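Peer 1: Quick note on the working numbering: the first sequence kicks off at 17 and runs consecutively.
Cβ atoms here follow ideal geometry from the backbone N, Cα and C, with glycine treated the same way.
Remember, it's a predicted structure, so these values are computed and weren't measured experimentally.
For reference, the structure I am asking about is given below.
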Amino acid sequence: MIAVTFPDGASRQFEPGVSGLDIAKSISPSLAKRTVAMALDGELRDLVDTIDRDAKIEFVSREDPRALELIRHDCAHLLAEAVQELYPGTQVTIGPVIENGFYYDFYRSEPFTPDDLPAIEKKMREIVARDAAITKEVWSRDQAKTYFTAKGEAFKRELIESIPGGEDLKIYRQGHWLDLCRGPHLPSIGKVGTAFKLMKVAGAYWRGDHNNPMLSRIYGTAFAKQEDLDAYLHRLEEAERRDHRRLGREMDLFHFQEEGPGTIFWHEKGWALFQSLVSYMRRRQKAAGYREVNTPQVLDRALWETSGHWQTYRENMFLTKTEDERIFALKPMNCPGHVQIFKNGLKSYRDLPVKIAEFGIVHRYEPSGALHGMMRVRAFTQDDAHIFCNEDQIMEEALKVNDLILTIYKDFGFDDVVVKLSTRPEKHVGSDEAWAKAEAALHKVLEELAARGLKTGVNPGEGAFYGPKLEYTLRDAIGREWQCGTTQVDFNLPGRFGAFYIGADSEKKTPVMIHRAMFGSLERFTGILIEHYAGHLPLWLSPLQIVVCTITQDADDYAYEVAAEARKLGLAVDLDLRNEKITYKVREHSLAKVPALLVVGKKEAAERTVSIRRLGSQAQSSATLADALAALAAEATPPDVKEA
RNA sequence: GCCGGUUUAGCUCAGCUGGUAGAGCAACUGAUUUGUAAUCAGUAGGUCGCGGGUUCGAAUCCUGCAACCGGCACCA
17 MIAVTFPDGA
27 SRQFEPGVSG
37 LDIAKSISPS
47 LAKRTVAMAL
57 DGELRDLVDT
67 IDRDAKIEFV
77 SREDPRALEL
87 IRHDCAHLLA
97 EAVQELYPGT
107 QVTIGPVIEN
117 GFYYDFYRSE
127 PFTPDDLPAI
137 EKKMREIVAR
147 DAAITKEVWS
157 RDQAKTYFTA
167 KGEAFKRELI
177 ESIPGGEDLK
187 IYRQGHWLDL
197 CRGPHLPSIG
207 KVGTAFKLMK
217 VAGAYWRGDH
227 NNPMLSRIYG
237 TAFAKQEDLD
247 AYLHRLEEAE
257 RRDHRRLGRE
267 MDLFHFQEEG
277 PGTIFWHEKG
287 WALFQSLVSY
297 MRRRQKAAGY
307 REVNTPQVLD
317 RALWETSGHW
327 QTYRENMFLT
337 KTEDERIFAL
347 KPMNCPGHVQ
357 IFKNGLKSYR
367 DLPVKIAEFG
377 IVHRYEPSGA
387 LHGMMRVRAF
397 TQDDAHIFCN
407 EDQIMEEALK
417 VNDLILTIYK
427 DFGFDDVVVK
437 LSTRPEKHVG
447 SDEAWAKAEA
457 ALHKVLEELA
467 ARGLKTGVNP
477 GEGAFYGPKL
487 EYTLRDAIGR
497 EWQCGTTQVD
507 FNLPGRFGAF
517 YIGADSEKKT
527 PVMIHRAMFG
537 SLERFTGILI
547 EHYAGHLPLW
557 LSPLQIVVCT
567 ITQDADDYAY
577 EVAAEARKLG
587 LAVDLDLRNE
597 KITYKVREHS
607 LAKVPALLVV
617 GKKEAAERTV
627 SIRRLGSQAQ
637 SSATLADALA
647 ALAAEATPPD
657 VKEA
């Protein structure tokens, strides 16, 4: 006999081989009816699975959050069945659950288009209505291979072949349709319900490898209840309203045009925002002991050969040939330039660490399909720095960088940060010993960060070609993750360039170089901020902070005075004296995301007050001109200046 | 780079099976002097992404290219 323990702590004896369903039935038929799966010792399993050892069991109803994965997984199968019913000859491949939904990849000579989706979805609803039972069978590898080969399912056959021999395969059957699958699944296809929607089609390489054939992928989402689906679709609309490309246009920050794919035309206001970020970072860095420099935009090919960029990344570099046949490259990174500055003039061990910073504009010829607004561009500004130090200083310096990064993210309201270590990639330069040392150093740092309570992780094989790195990912206001900051330990480039310092023993020593960026790309960070704040920039970052709006012409003189006083305090002010209703002005400036409106009419002019309306609120308050401006000026002070 | 889609006025979009373009908002002009998210009336505005082709005739059909959008791959 085996002991099965229930969530309430009660325990009962059963014969080995009893199924979850049997147990549920033994408790009550209604429980058996509403249960869609079970969790055995916390692991989600099919209800029909048998139990042959002591275990904790939980019955999972359709409404249980854990059932959502099953609903989505079954919905992927449902999609596949519908597609094969409607489009015979289409081959199935894989259909996993992903964040917010699922997809299924098909192979078909003619890829699916968005126009196909309504018909497929309709068919899916028909199949749901049939409510066929989902049953599980265990097949041998050979049996499965024979079956899918005979059916012409070449991709499934390949999948089966990649499964280690000896393992039995699970087949899930729903009505006339079946698929090879790991499971678990719901008891019947009708349990998927109707709160699902096909979202989009896309091409995707078989097994994620661009050397493989391209499959036709259909994305969908599913929820337990219609209201959850509606809420999700609403969230998508919200995200769309935050899109920095849209807000950039609406707020008159920047634009793109055809002649400069992946490059930004910054308008006055956008550039003011950009410059606020640069000034802020410049102050923070200076306080942390960095020395700001500037290095050439265009450098001889030979330098990139020395660094290794030429060999590794030439096809992604912008190249230019001059009349005398010399080949130059627009810099894709700042590090070689900074090494040149380090090398210029003899350095002693007493000088270390040397921290060289630059707001360096780099050009990278990104694949056309990768471009995405300001998030992925071909020319961007890095808040780049290189710390030249000795091996013993790595830990301390990396921790200082860490502290600075966290301070900076906090100033923008990013408190949820994850740090991941990326280790040696296939394409790399340098010896195994150097890599081992560098990775060991960062591992130690990572452990220290974990000990301090930071969320940490590892991305194997994701390092830079010259060294491993720590990558900082932050989470924005609507829960999306953005990888921004990076700390990279490099035992390679300084040596390749022959950089050295004189050690305490009077011998030449090769320094270690730590590459680090905090915003990463200023352009991208600006885009992230726009979306994070949904355009409602905090006062200290807003390019236009105040608009003084008059109610009638009678207040014009006073409005000029208000604006002049505000400017004296360094606030960015516009005047709206137009002959329009105040409702019109409020609407217009609210849509333009102006953080503060100072409304003045006859009353305010007489009393020397202002009526204050802040973006995002319908409320108005009144204050004397001096008090109102003092409060706004205080709020407009950058956080690092406030600290000082 | 690969797959699919899109490209018409400053913005959002309409324009069916080919008969040389239309709306709303914005802009401009005039009237209105207004109390916290759209005052009224009028006017003007378009190489229909770019190139080639079919046709008596192309925004519409075919074709090449580009940019953008959604994914995939890539991201030093």
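If distances are taken between C-alpha atoms only, which option among Pro441, Glu274, Ala644 comes closest to Ile562?
Peer 2: To locate residue 562, count along the first sequence from 1; it is residue 546. Of the candidates Pro441, Glu274, Ala644, the one whose C-alpha sits nearest the C-alpha of Ile562 is Ala644.
Peer 1: Any idea if Glu463 is buried or exposed, counting beta-carbon neighbours within 10 angstroms, 16 or more meaning buried?
Peer 2: Position 447 of the first sequence, counting from 1, holds the residue named residue 463. It counts as exposed.
Peer 1: Apply the 10 Å Cβ neighbour rule to Ala454 and answer buried if 16 or more other Cβ atoms are within range, or exposed otherwise.
Peer 2: Numbered from 1 along the first sequence, position 438 holds the residue referred to as residue 454. Buried, by the Cβ-count rule.
Peer 1: With a threshold of 8 Å, are at least 3 pairs of Cβ atoms found where one atom belongs to the stretch 143–158 and the other to the stretch 113–128?
Peer 2: Touching, no.
Peer 1: Identify whether Arg88 lies in helix, strand or coil by the three-state DSSP scheme.
Peer 2: One-based indexing of the first sequence puts residue 88 at position 72. Helix, per DSSP.
Peer 1: In chain order, which continuous runs of the beta strand (DSSP E) of length 3 or greater are located wholly inside the stretch 285–363?
Peer 2: Complete beta strand (DSSP E) runs here, min 3: 314–316, 335–337, 343–346.
Peer 1: For Tyr296, which of Phe375, Ile114, Met529 has the nearest alpha-carbon?
Peer 2: Residue numbering aside, residue 296 sits at position 280 when the first sequence is read from its first letter. Comparing Cα-Cα distances from Tyr296 to each of Phe375, Ile114, Met529, the minimum goes to Phe375.
Peer 1: Assuming Val294 and Leu346 form a contact by the criterion Cβ under 8 Å, report the distance between their Cβ atoms to the nearest whole angstrom.
Peer 2: The residue given as residue 294 occupies position 278 in the first sequence. The residue given as residue 346 occupies position 330 in the first sequence. Not a contact, Cβ separation roughly 21 Å.
Peer 1: According to DSSP, simplified to helix, strand and coil, what is Gln634?
Peer 2: Here residue 634 corresponds to residue number 618 of the first sequence, with the count starting at 1. DSSP places Gln634 in coil when its eight states are reduced to three.
Peer 1: If we call anything under 8 Å between Cβ atoms a contact, is Thr502 one with Tyr488?
Peer 2: Your numbering for residue 502 matches position 486 in the first sequence. Your numbering for residue 488 matches position 472 in the first sequence. Closer than 8 Å, so yes.
Peer 1: Asn475 bridges to which residues according to DSSP?
Peer 2: Residue numbering aside, residue 475 sits at position 459 when the first sequence is read from its first letter. Paired residues: Ser438.
Peer 1: Can you name, in chain order, every residue of its own chain whose Cβ lies under 8 Å from the Cβ of His605, other than the five neighbours on each side?
Peer 2: Within the first sequence, the letter at position 589 stands for residue 605. Once the five neighbours on either side are set aside, the close Cβ partners of His605 are Val563, Cys565, Asp592, Leu613.
Peer 1: Below 8 Å between beta carbons: does that hold for Asp399 and Phe290?
Peer 2: By one-based count along the first sequence, residue 399 stands at place 383. By one-based count along the first sequence, residue 290 stands at place 274. Cβ distance not < 8 Å, so Asp399 and Phe290 don't count as in contact.
Peer 1: Looking only at DSSP bridge pairs, what is Cys717 linked to?
Peer 2: Limits of the chain in this structure are 17 at one end and 660 at the other, which puts residue 717 out of reach.
Peer 1: Report, in whole angstroms, the separation of the C-beta atoms of Tyr329 and Pro348, which I expect to be a contact under 8 Å.
Peer 2: Residue 329 sits at position 313 when you count from the first residue of the first sequence. Residue 348 sits at position 332 when you count from the first residue of the first sequence. So it is a contact: roughly 6 Å between Cβ atoms.
Peer 1: Alpha carbons only, please: which of Trp282, Phe481, Leu437, Ala480 is nearest the one belonging to Lys460?
Peer 2: Start at 1 with the first residue of the first sequence, and residue 460 comes out as number 444. That would be Leu437, whose Cα lies nearest to the Cα of Lys460.
Peer 1: If we count Cβ pairs, one from each stretch, closer than 8 Å, do we get three or more for the stretch 358–369 versus the stretch 402–411?
Peer 2: Contact between the stretch 358–369 and the stretch 402–411 is present, because at least three Cβ pairs lie under 8 Å.
Peer 1: Give me the Cα-Cα distance between Met411 and Asn360, rounded to the nearest whole angstrom.
Peer 2: The count along the first sequence starts at 1 and reaches residue 411 at position 395. The count along the first sequence starts at 1 and reaches residue 360 at position 344. Cα to Cα, the separation comes out at about 26 Å.
Peer 1: Could you check what DSSP says for Ala452 in three-state terms: helix, strand or coil?
Peer 2: As a first step, residue 452 is located in the first sequence; it is residue number 436 there, counting from the start. Reduced to three states, the DSSP call for Ala452 is helix.
Peer 1: Nearest-angstrom Cα distance between Asn508 and Leu458?
Peer 2: By 1-based counting over the first sequence, the position of residue 508 is 492. By 1-based counting over the first sequence, the position of residue 458 is 442. Near 15 Å, if we compare the C-alpha coordinates of Leu458 and Asn508.
Peer 1: Which residues in the same chain have their Cβ closer than 6 Å to the Cβ of Phe396, if we skip the five residues on either side of it in sequence?
Peer 2: Here the question's residue 396 lines up with position 380 in the first sequence. Here the set comprises Ser537, Glu539.
Peer 1: Answer yes or no: do Gly484 and Val355 have a C-beta to C-beta separation smaller than 8 Å?
Peer 2: As a first step, residue 484 is located in the first sequence; it is residue number 468 there, counting from the start. As a first step, residue 355 is located in the first sequence; it is residue number 339 there, counting from the start. The question names Gly, but residue 484 is Pro in the sequence shown. Taking 8 Å as the Cβ cut-off, Pro484 and Val355 do not qualify as a contacting pair.
Peer 1: Whose C-alpha, out of Glu547, Leu631, Pro441, is nearest the C-alpha of Gly495?
Peer 2: Numbered from its first residue, the first sequence carries residue 495 at position 479. Among Glu547, Leu631, Pro441, the Cα nearest to that of Gly495 belongs to Glu547.
Peer 1: So which of Asp57, Ala247, Val435, Leu555 has the shortest CA-CA distance to Gln499?
Peer 2: The sequence position of residue 499 within the first sequence is 483, counting from 1. Nearest C-alpha to Gln499: Val435.
Peer 1: For Val34 and Thr66, what's the separation of their Cα atoms in angstroms?
Peer 2: Position 18 of the first sequence, counting from 1, holds the residue named residue 34. Position 50 of the first sequence, counting from 1, holds the residue named residue 66. So the two alpha carbons sit approximately 5 Å from each other.
Peer 1: Which residues in the same chain have their Cβ closer than 7 Å to the Cβ of Phe75, if we skip the five residues on either side of it in sequence?
Peer 2: Taking the first sequence and counting its residues from 1, one reaches residue 75 at position 59. Excluding residues within five positions, the ones whose Cβ falls inside 7 Å are Ala40, Leu47, Thr51, Met54.
Peer 1: First and last residue of the beta strand (DSSP E) that includes Ser27?
Peer 2: The residue you call residue 27 lines up with position 11 of the first sequence. Looking at the DSSP string, the run of the beta strand (DSSP E) that includes Ser27 is 27–30.
Peer 1: Across the stretch 104–116 and the stretch 202–213, are there enough close Cβ pairs to call them in contact, namely three or more that are closer than 8 Å?
Peer 2: Touching, no, given that fewer than three Cβ pairs across the two stretches are closer than 8 Å.
Peer 1: Which residues in the same chain have their Cβ closer than 6 Å to the Cβ of Tyr119, if we skip the five residues on either side of it in sequence?
Peer 2: Within the first sequence, residue 119 is the residue found at index 103, counting from 1. Taken in chain order, the residues that qualify are Arg233, Tyr235.
Peer 1: Measuring CA to CA, which of Leu202, Val626, Ile544 is closest to Ser637?
Peer 2: Taking the first residue of the first sequence as position 1, residue 637 is located at position 621. Answer by Cα proximity: Val626.
Peer 1: Do the CB positions of Lys172 and Leu196 come within less than 8 Å of each other?
Peer 2: Counting from one through the first sequence, the residue named residue 172 turns up at place 156. Counting from one through the first sequence, the residue named residue 196 turns up at place 180. Yes, the pair counts as a contact, with Cβ atoms nearer than the cut-off.
Peer 1: Residue range of the alpha helix (DSSP H) that Thr109 falls in?
Peer 2: As a position in the first sequence, residue 109 is number 93, starting the count at 1. Looking at the DSSP string, Thr109 is not in any alpha helix (DSSP H), and its letter there is neither H nor E.
Peer 1: For the beta strand (DSSP E) containing Met217, name the first residue and the last one.
Peer 2: Looking up residue 217 in the first sequence gives position 201. The displayed chain sequence assigns Val, not Met, to residue 217. Where Val217 is concerned, the enclosing beta strand (DSSP E) stretches over 212–221.
Peer 1: DSSP has His271 in a bridge; who is on the other side?
Peer 2: By one-based count along the first sequence, residue 271 stands at place 255. In DSSP, His271 forms a bridge with Phe281.
Peer 1: Can you grab the Cα-Cα spacing for the pair Glu253 / Ala238, in whole Å?
Peer 2: Within the first sequence, numbered from 1, the residue matching residue 253 stands at position 237. Within the first sequence, numbered from 1, the residue matching residue 238 stands at position 222. Cα to Cα, Glu253 sits roughly 17 Å from Ala238.
Peer 1: DSSP on Met411, reduced to helix/strand/coil?
Peer 2: Here residue 411 corresponds to residue number 395 of the first sequence, with the count starting at 1. Note: Met411 maps to helix in three-state DSSP.
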